[in-house]
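Student: Encoded as structure tokens, here's the structure I'll be asking about.
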Amino acid sequence: MLPPRPWTPSSLTDAPNMKVDAGRPKPLSLRLQVAVLLAFATLPVGVLAVAQGYASFSATQRLQRSALASEAFMESAREQGMIREAFGALDTLNSQIKPDMPEAECSARIRDFVMAQAKVSFAGMGGTDGFMRCGHPLAEPFDLRSTPGYKRFIDNPRRTVTVYQKGAISKVPVVTVSIPIMHEDRLVGSLALSMPSAYMVWANAPERHSTSNFAILDSEGRTVAWEEGVAENEWLPDADSLSGMLQRSGRPIVAEATSGERRIYSITPLFERDIFAVSSWPEDRVTGRLSLPQMLLLLLPLIMWALAVTVAYFAVDRFALRHVVYLDRLVSAYTRSGRSLRASGLRDAPLEFAALGKSFDRMAQEIESRESDLRRSLGEKDTLLKEVYHRVRNNLQMIVSLMNLQLRGVTNESERETLLRLQDRVLGLSAVHKRLSEAEWADAIRLDTLLQEIIGNTQDGRGQRPDTVQVTFDMIEHVEGPDRSIPLALFTTEAVANAFKHGLGPEGDGWLHIALHEIGEGMMELAISNSLSNMPHAPGPIGLGTQLIDSFAMQLHGRVQRKSTAEEHTICLFFPRVECPPPSFPRS
């Protein structure tokens with residue numbers, strides 16, 4: 014009786030009440046989680062630092078300006094994201110419609126596209142003639158030739174972004190995104206969609222400061238969208254200064270407006286260098302730099318908070334985290350067959366971790382003991398099984414000896430051939446059991462060496478000298494289990510016996526070639542070829558040998574192919590490759 018199943022780490026997941034969430038995201042490291050937890054636990058110190066920092070500043074206008082500039086930048090980034098999403102949506106739509114599609118079907122697909130996109134107010138496809146006949150909502154063909162940038166698009170087809178102060182449908186500032194439709198490097202049309210400008214919607218909100226100004230400019234410095242109620246662009250710099258500012262967009266720039274007022278400008282490119290979002294406010298809304306006492310007053314509480322978090326983290330790491338990490342590495346090494354490992358690193362740890370280390374040592378000792386029992390049991394079973402194979406082989410050899418005695422008194426050639434064929438089959442079974450009894454593992458046989466032994470037995474049983482028949486082999490190393498080795502051995506026995514009987518002739522001269530190869534993916538080919546003697550071969554009924562060959566092929570889920578010419582005969586067996594399973598337990 015086998016000992017109880019050994020404990021393994023995978024046994025934890027075998028419990029019926031435990032579920033493993035495969036889609037669960039990978040958790041953060043314990044050290045990082047503890048650091049974040051400690052940071053939040055000591056957050057009051059940080060809050061104190063922020064409160065003291067706010068108290069040290071009397072100029073609240075600077076905070077309002079910073080918040081306003083940050084909010085403007087966020088809205089510009091939001092507009093950029095919407096433009097990127099619009100290009101992605103147009104690429105998707107481009108794969109669904111074709112320029113030669115009927116207008117009704119094209120409009121229906123675009124209508125479904127617009128209805129599915131909450132932010133899109135219009136979408137359409139234009140032709141190279143300058144008219145848009147397919148779109149939604151589109152009551153009649155729309156002449157694109159009067160729109161800004163149409164000629165530039167035709168001359169240089171590329172992805173473009175155009176902003177309009179008032180959309181034809183929404184009557185609010187809109188962003189129009191266009192992509193060319195190319196076929197064989199030739200422009201065949203364009204796709205476009207319009208959506209409200211999130212940046213200008215935000216800029217026109219009532220809560221915006223009255224001294225702040227917002228607009229969208231093109232690459233030439235022209236204002237294409239502006240705030241409602243702002244008729245003049247006197248808050249913008251002159252054309253030359255503005256052109257240089259657009260090339261250096263990114264950080265806030267202080268410049269003089271057309272009206273002579275000193276203002277701060279924040280410029281963000283919305284799409285490449287074609288469209289820019291401009292935010293501006295008076296320079297007098299910005300306060301001066303922090304003084305040294307204010308800086309020290311702000312930094313001192315932050316330094317105290319950082320020191321508190323650091324000390325607490327190192328204390329937790331010293332007394333707990335490093336022991337948890339040690340256990341994790343110990344278990345990982347143990348699962349990689351390090352059965353002799355013990356938790357010696359936890360002997361000087363705090364009481365709870367030391368007790369955990371002792372429990373690990375006891376568990377490891379129990380696993381090692383059980384594995385030793387399993388190895389011993391497996392060895393006993395392996396020895397008994399080999400003994401059975403050995404005795405079966407001896408019995409088969411005795412049968413072969415009895416057949417040899419019988420053959421000495423047989424004079425009829427037909428009866429002699431029948432006994433020889435039967436003796437070949439018994440020898441094939443004997444060879445399989447011999448290999449099983451001599452193999453390192455009782456459930457794996459080297460097929461190439463087995464076939465060589467079978468052919469040698471067949472040749473010896475017929476009294477053939479090694480120099481009369483030239484036997485050659487071209488076989489790869491291949492391992493099979495007992496269940497498949499027996500039909501393969503008997504198949505080879507029948508094929509070789511047929512070669513000696515019908516191909517090589519009574520003198521046994523000629524050649525015999527055996528090949529074993531892997532073909533394709535998961536298929537093997539066993540080919541047995543022999544030369545044909547000059548004796549006539551009269552066709553006859555299908556014999557027992559042929560029937561057995563086909564039967565053994567069926568057992569292997571394979572197929573047989575026979576090829577004959579005037580000089581040689583070949584029989585091929587194609588059968589699926591089955592990997593021989595590894596031993597169920599490692600030997601010590």
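All residue numbers for the sequence shown refer to our numbering, where the first residue is 14 and numbers rise by one. Each residue gets a CB set at the ideal place from its N, CA and C atoms; glycine is no exception.
#1: In chain order, what residues of the same chain have a beta carbon less than 7 angstroms from the beta carbon of K164, not counting five sequence neighbours either side?
#2: Have a look at I110, Q93, W294 and L418 and flag the residue whose alpha-carbon is nearest the alpha-carbon of M195.
#3: For L255, which residues from the same chain have a beta carbon less than 8 angstroms from its beta carbon, with the 5 sequence-adjacent residues on both sides left out?
#4: Is T583 near the ligand HEM, with its Cβ less than 8 angstroms from a heavy atom?
#5: Please state if the CB of I584 and the CB of S542 are separated by a distance shorter than 9 angstroms.
#6: Using the beta-carbon count (16 or more within 10 Å), is S42 buried or exposed?
#7: Have a look at Q574 and Y347 and give me their C-alpha separation to the nearest angstrom.
#8: Looking at the structure shown, is L545 part of a helix, part of a strand, or coil, going by DSSP?
#9: Would you check if the distance between the CB atom of L539 and the CB atom of L586 is smaller than 9 angstroms?
#10: Along the alpha helix (DSSP H) that carries H336, what are the first and last residues, could you check?
#11: Quick one: what's C585 bridged to in DSSP?
#12: Compare the beta carbon distance of L409 and V423 with 9 angstroms and say whether it is the shorter of the two.
#13: Which one or two residues does DSSP pair with W294 in a beta bridge?
#14: What span of residues does the alpha helix (DSSP H) with F126 cover, start to end?
#15: Suppose contacts are defined by Cβ-Cβ distances below 9 angstroms. Is E507 in contact with L561 by that definition?
#16: Using DSSP with H/G/I as helix, E/B as strand and the rest coil, what is T323?
#17: What residue does the alpha helix (DSSP H) around G441 start on, and which one ends it?
#18: What do you reckon, are the CB atoms on I266 and S279 nearer than 9 angstroms?
#19: On the DSSP letters alone, give me the boundaries of the beta strand (DSSP E) that D231 sits inside.
#20: Measure the alpha-carbon distance for G616 versus C147 and round it to whole angstroms.
#21: Based on Cα-Cα distance, which residue from A85, K371 and S203 lies nearest to R221?
#22: Does the contact criterion of 3 or more C-beta pairs under 8 angstroms hold for the region 147 to 156 versus the region 95 to 107?
#23: Classify E269: buried if its beta carbon has 16 or more other beta carbons within 10 angstroms, exposed otherwise.
#24: Quick one: residues in its chain with C-beta nearer than 7 angstroms to the C-beta of E247, no 5 flanking neighbours on either side, listed in chain order?
#25: Less than 9 angstroms between the beta carbons of W215 and E88, yes or no?
#26: Helix, strand or coil for S89? Go by DSSP, reduced to three states.
#27: Which of helix, strand or coil does DSSP assign to I489?
#28: Quick one: give me the first and last residue of the beta strand (DSSP E) that H403 is part of.
#29: Based on Cα-Cα distance, which residue from W524, D473 and I458 lies nearest to P495?
#30: Judging by CA-CA distance, which residue of D330, E531, V439 and T160 is the nearest neighbour of P500?
#31: Candidates S414, D386, S292 and S427: which alpha carbon is nearest S443's?
#32: In or out: T505 buried (at least 16 other Cβ within 10 Å) or exposed?
#33: What residues are listed by DSSP as bridge partners for E269?
#34: Is it buried or exposed for P115, if we count other Cβ within 10 angstroms and need 16 for buried?
#35: Straight-line CA distance for G553 to K576?
#36: What is the C-beta distance between V509 and T471, in whole angstroms, given that I count them as a contact (C-beta under 8 angstroms)?
Tutor: Looking at the atomic coordinates:
#1: Excluding residues within five positions, none has a Cβ falling inside 7 angstroms.
#2: Out of I110, Q93, W294 and L418, I110 has the C-alpha closest to the C-alpha of M195.
#3: Sequence-distant Cβ neighbours of L255 in its own chain, meaning closer than 8 angstroms and more than five residues away, are L230, G234 and L249.
#4: You won't find the ligand HEM in this model; it holds no ligand whatsoever.
#5: Contact flag set, yes.
#6: With a threshold of 16 other beta carbon atoms within 10 Å, S42 falls short and is exposed.
#7: Distance from the CA of Q574 to the CA of Y347, rounded to the nearest whole angstrom, comes to 52 angstroms.
#8: Here L545 sits in coil by DSSP.
#9: Contact: yes.
#10: Where H336 is concerned, the enclosing alpha helix (DSSP H) starts and stops at R335 to T348.
#11: Bridge pairing for C585: A540 and Q574 [DSSP].
#12: Their beta carbons are not under 9 angstroms apart, which means L409 does not touch V423 by this criterion.
#13: According to DSSP, which records beta bridges pairwise, W294 is partnered with I277.
#14: Counting along the chain, the alpha helix (DSSP H) containing F126 begins and ends at E116 to A129.
#15: In terms of Cβ geometry, E507 and L561 form a close pair [threshold 9 angstroms].
#16: If DSSP states are grouped into helix, strand and coil, T323 belongs with the helices.
#17: Unbroken alpha helix (DSSP H) run through G441: E426 to E451.
#18: Yes, the Cβ-Cβ distance between I266 and S279 is below 9 angstroms.
#19: Its beta strand (DSSP E) spans residues N226 to D231.
#20: Nothing about residue 616 can be reported from this structure: the residues present for the chain run from 14 to 601 only.
#21: Considering only alpha carbons, the answer is A85.
#22: The region 147 to 156, when compared against the region 95 to 107, does not touch it at the 8 angstroms Cβ threshold.
#23: E269 is exposed by the Cβ-count criterion.
#24: Contacts found: A270, T271 and S272.
#25: Yes; because the gap between Cβ atoms is below 9 angstroms, this pair is in contact.
#26: Looking at S89 - three-state DSSP - the assignment turns out to be helix.
#27: DSSP, read as helix, strand or coil, puts I489 in coil.
#28: Not the beta strand (DSSP E): H403 falls in the alpha helix (DSSP H), residues L364 to R421.
#29: With distances taken between Cα atoms, P495 lies closest to I458.
#30: Checking every option, the nearest Cα to that of P500 belongs to V439.
#31: Considering only alpha carbons, the answer is S414.
#32: Under this definition T505 is a buried residue.
#33: Per DSSP, R275.
#34: Exposed, by the Cβ-count rule.
#35: Model confidence at G553 stands at a pLDDT of 49, short of 50, so the residue's coordinates are unreliable and nothing is read from them.
#36: Between V509 and T471, the beta carbon gap of about 5 angstroms places them in contact (Cβ cut-off 8 angstroms).
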